[in-house]
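Under my numbering, read the sequence shown as residues 164 to 387, first letter to last. Let me begin by presenting the structure, written as structure tokens, before commenting on it.
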Amino acid sequence: MGQRSVSRGLVLADRVALVALGGIILSLATWFAYAYVDAMVLLDGTLRDELITPPADQTLIRLGTVVLVLVGTLLIQVIYSRRIQAEERLKLAEARIVQMYENSPDSVLCIGRDHDIVYANTASRTMAVARRGPGELVGEVCYRALWGRQQPCEGCLVADVLATAEVRNRTMSDSSSGESRYLEQIVYPVVDERGAVESVVEATRDTTERVVAEQAIREMATCV
């Protein structure tokens, strides 16, 4: 438990407290700097007197500066805490999405513009093992890692979505694992803040049982 707590780092309250402490230290340093300059450079008195009982005009100047430092620290605290909260919400949302993908029975891949696999969930890795044996998917080119090809597949939905930024889907047959399977594929774009497609998500579902059942029903209806 101790190691897990350390790995998480400081919580938001601790970080804000450190910023506040930094503001206090900076305020004290500012007061000392004024006293040092007045005593050692301007020779207005001893360093002790300038630190403890400075002249009234100097006291007002120093207090004004300290107030500005503290106000600046407060603003930094507010901005910093909001930024950290936004980052934490983003990380939580990303973790939930990854968990959702990992627990999905469908194969889910995130594929970059160069057809490189950025993310592969458990189901996609299992499906890949059935096709070609064990091996790493992330960082590999999708058509080579999944299908053993040296160039994009014919009718590749990934290339189409990257080019058009529109959702595409299809049902395809696959016998690479030794038995005929039917796969339902949907590919949708992931856009950046400018609206450009930076990657795509490819979700593949094994619909063999459904397709076979539908074929059997059609055959039975034809016989009747």
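Glycine is no exception: its CB is placed at the ideal position from the N, C-alpha and C atoms.
Quick one: grab the DSSP three-state call for residue i.
i	result
C319	coil
E377	helix
V354	strand
V182	helix
T209	coil
E372	helix
R129	The displayed coordinates of the chain run from 164 to 387. Any statement about residue 129 would go beyond what the structure contains.
E382	helix
T216	coil
R259	helix
R312	coil
A328	coil
A299	Here the sequence assigns Glu to residue 299, which means Ala is not the residue at that position. Of the three classes helix, strand and coil, the one that applies to E299 here is coil, per DSSP.
R167	The predicted model places R167 with a pLDDT of 39, which falls under 50 and marks its position as unreliable, so this point remains unresolved.
Report the partner residues of residue i according to the DSSP bridge assignment.
i	result
Y282	C273
A366	V271 and I349
M335	L346
V360	V354
V304	D279
Going by the CB atoms, is the gap between residue j and residue i shorter than 9 Å?
i	j	result
V324	R331	yes
Y197	Q221	yes
E347	V271	no
L309	L300	yes
C273	S343	no
G302	D279	yes
E265	T285	yes
V182	Y243	yes
R178	I224	no
Closest by CA to residue i, which one among the options?
i	options	result
A202	S190, P218 and L191	P218
E329	P315, S336 and P352	P352
G318	S338, E342, V292 and V350	V350
R276	I380, T327 and P268	T327
A192	G208, L233, L206 and A180	L233
R368	R312, R245, Y345 and R178	Y345
R211	L223, W194 and G227	W194
V261	Q248, I247 and Y282	Y282
T228	S190, D269 and P268	S190
A180	V241, R312 and R373	V241
T370	V304, C305, P268 and E213	P268
With a threshold of 8 Å, are at least 3 pairs of Cβ atoms found where one atom belongs to the segment 186 to 196 and the other to the segment 233 to 253? Yes, they touch.
Is the segment 376 to 386 in contact with the segment 349 to 366, if contact means three or more CB pairs nearer than 8 Å? No contact exists between the segment 376 to 386 and the segment 349 to 366.
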